[in-house]
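Some notes on the structure that comes next.
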Amino acid sequence: MPELPDVEEFKKYVDSTSLHKTIEKAKVKDTQVLENISAKKLEKELEANKLESTYRQGKYLFVKLSSGKYLLMHFGMTGKLKYFKDQKQEPEHTRLLLSFKNGYYLAYDNQRKLGKLGVVVNIDEYVKNKNLGPDVLDPDFDFKKFKQSAKGKKSMIKSFLMNQKIMSGIGNIYSDEILFQAKIHPKTKVNSLEENQLKKLFKFIKDVMQRSIDSRADPDNLPDSFIITHREKGEKCPGCGGKINKTTVSGRSAYYCPNCQKN
DNA sequence: CCTATAGCCTGACGGC
DNA sequence: TGCCGTCAGGCTATAG
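Under the numbering used here, the first sequence has 98 at position 76, and the numbering climbs by one with no breaks.
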């Protein structure tokens, strides 16, 4: 699930439930999601701290601790958060469980274990080491930078949009939406795009992401004119009424309208 | 340098 | 009912 709008939703979730509460106990329930840290160390870094504030870049969430360090969360395909009081409500695949002094819990749940948890001292350094590109909603990420990054790229536009080293936040679902809105076929080569197509793409990157955040990352709240709500082979295209098609781009399934997205 | 592909994990679903 | 293949909103290491 978690692309930029979803992680933004998680950020707001932490903000509204868990900030400024003391962590009494931290329990790592699965070590496979840990990034360069032992369970014991992570628990120690968390216990007796408060969660002070949250930062998001792309699909990464950083939660500042009173120690000054950050708890790093990445959600992979199936990660989510849950704040609850009754222990019976603990999610099935909880990988990290924080118990606050007020009796509530915050669980990091991740069925497929493709996400990451860690401790980060310096966000900029972490981002640099990961080679993570600018967040697509960052105002500094402007058309000039977008165009520059597209220069000479031979890859297909869908994988380009999803490449977190170039720009961060867009995943499989929202890349389909952006391409649908811009009326560009997912397999189009980046270096074959005209200036006006790049302009359109850039506009819809920002638009689709912002609208999805405004819709609280819930596809049910998105307009019927979006392809996300019709993302299944054979479904009706909200643009022309034709049939949605499915193909594969760099190992991921891409849904598009062959009539509206000719190239 | 670049881009494309297999592999990591678990569970849900559909066909036989 | 049971088994098997396929697929899932991500990322990384490796191959070409």
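Glycine included, every Cβ here is placed at the ideal spot set by N, Cα and C. The structure displayed is predicted, hence computed values, not measured ones.
{"query": "Please classify N213: does DSSP put it in a helix, a strand, or coil?", "result": "helix"}
{"query": "Rounding to the nearest angstrom, what Cα-Cα distance links I250 and G90 in this structure?", "result": "39 Å"}
{"query": "Short check: CB of Y196 to CB of V141, under 8 Å?", "result": "no"}
{"query": "I'd like the span of the beta strand (DSSP E) that includes L159, first residue to last.", "result": "Element bounds for L159: n/a, residue is neither H nor E."}
{"query": "For the pair the region 101-118 and the region 178-194, tell me if three or more CB-CB distances fall below 8 Å.", "result": "no"}
{"query": "Beta-carbon within less than 7 Å of N153's beta-carbon, same chain only, minus the 5 sequence neighbours each way: which residues are those?", "result": "K187"}
{"query": "Sort C279, Q170, A204 and H96 by Cα distance to N132 and report the nearest one.", "result": "H96"}
{"query": "DSSP beta-bridge partners for K205?", "result": "BP columns for K205 are empty, so no partner."}
{"query": "Can you name the start and end residues of the alpha helix (DSSP H) that A61 belongs to?", "result": "A61 to L68"}
{"query": "Under the rule that 16 or more other beta-carbon atoms within 10 Å means buried, what is N144, buried or exposed?", "result": "exposed"}
{"query": "Determine the contact status of L118 and A48, defining contact as a CB-CB distance below 8 Å.", "result": "yes"}
{"query": "Would G193 and D157 be called neighbours here (beta carbons separated by less than 8 Å)?", "result": "no"}
{"query": "Less than 8 Å between the beta carbons of F168 and F224, yes or no?", "result": "yes"}
{"query": "According to the neighbour-count rule (16 or more other Cβ atoms, all chains shown, within 10 Å of its Cβ), is F165 buried or exposed?", "result": "exposed"}
{"query": "Look up K72 in the DSSP assignment and give the residues it is bridged to.", "result": "T44"}
{"query": "Suppose you measure from the CA of F248 to the CA of A172; what does that come to, to the nearest Å?", "result": "25 Å"}
{"query": "Let's see if you can read the secondary structure: which residues bound the beta strand (DSSP E) around F32?", "result": "It is not in any beta strand (DSSP E) - F32 instead sits in the alpha helix (DSSP H) that spans L26 to T39."}
{"query": "Taking K72 as the reference, give the member of E30, V29 and L128 with the closest Cα.", "result": "L128"}
{"query": "Tell me whether H115 sits in a helix, a strand or coil according to DSSP, three-state version.", "result": "coil"}
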